[in-house]
Amino acid sequence: MIAKVYSYALVGIEALLVEVEVDIASGLPAFATVGLPDSSVRESRERIKAALQNSGYPFPLERITVNLAPASLRKEGSHFDLPIAIAVLAAQEVIPRTALERVVCAGELSLDGAVKSVSGCLPMAVHAARQGFQAFLLPAENAAEAAVVSPSLQVMPVSHLAQAVDHLSGTAPISAHEFVAIEDTGILPADAP
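Each residue of the sequence shown is one higher than the one before, counting from 0 in numbering that gives the first Met the number 0.
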């Protein structure tokens, strides 16, 4: 089974779209991450396995391949934990894959499944809104910074993996963080990007 969810790689202050694909196949248990991951992304397998098991979800004892595309772009940071965990659960049909179509996510997982804050949520939200995503699942601590971007992007604060799973499964929807319009200070010209 293959599942896909979206996240972003940060390059300076720019956020570039990344497809997080997970394939679960029969074979000896293994967890391989491909697509130019750095050490924090490669180490995510231990956090994800513990977070899934400690949150009451199955961790497949099969061959798991995580592909972070595009492969030419270096992926750095622990914010890929949440999207990888969600894709693993979707590949097992714990989460319906259709629930992930216009959703982007980011968040570091602790071993008990808590979702920890990450850096770069503002540029991620800007690009998610520009690219037409409907929802952004992110750590509750980061929701306020992302909520200033656009009323068209639902900013969904999560504090635990189980909360994200329940929302995506439709059993316990999360209330979106309220959009907060920022007053124009006049510092930038009106035609600035």
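Glycine residues also receive a C-beta, built at the ideal position from the N, C-alpha and C atoms. Since this is a predicted model, take the numbers as computed values, not measurements.
When C-alpha distances from Leu-136 are compared across Met-123, Ala-145, Met-155, Ser-118, the shortest belongs to Met-155. In this structure, the alpha-carbon of Ser-116 lies about 22 Å from that of Gly-55. Contact check for Ala-86 against Glu-140 fails: the beta carbons are separated by 8 Å or more. Annotated three-state conformation of Gln-162 is helix, per DSSP. By the neighbour-count criterion, in which a residue is buried when 16 or more other Cβ atoms sit within 10 angstroms of its Cβ, Gly-106 is buried.
When the five nearest sequence neighbours on each side are left out, the beta carbons in the same chain lying within less than 8 Å of the beta carbon of Ser-109 are those of Arg-46, Ala-50, Lys-115, in order along the chain. Its chain contains Ala-171 as the residues whose beta carbon lies nearer than 7 Å to that of Asp-165, once the 5 sequence neighbours on both sides are disregarded; these appear in chain order. Counting along the chain, the unbroken alpha helix (DSSP H) around Pro-122 starts and ends at 120-129.
When DSSP assignments are scanned along the region 62-120, the uninterrupted stretches of alpha helix (DSSP H) that are 4 or more residues long and fall wholly within it turn out to be 80-90.
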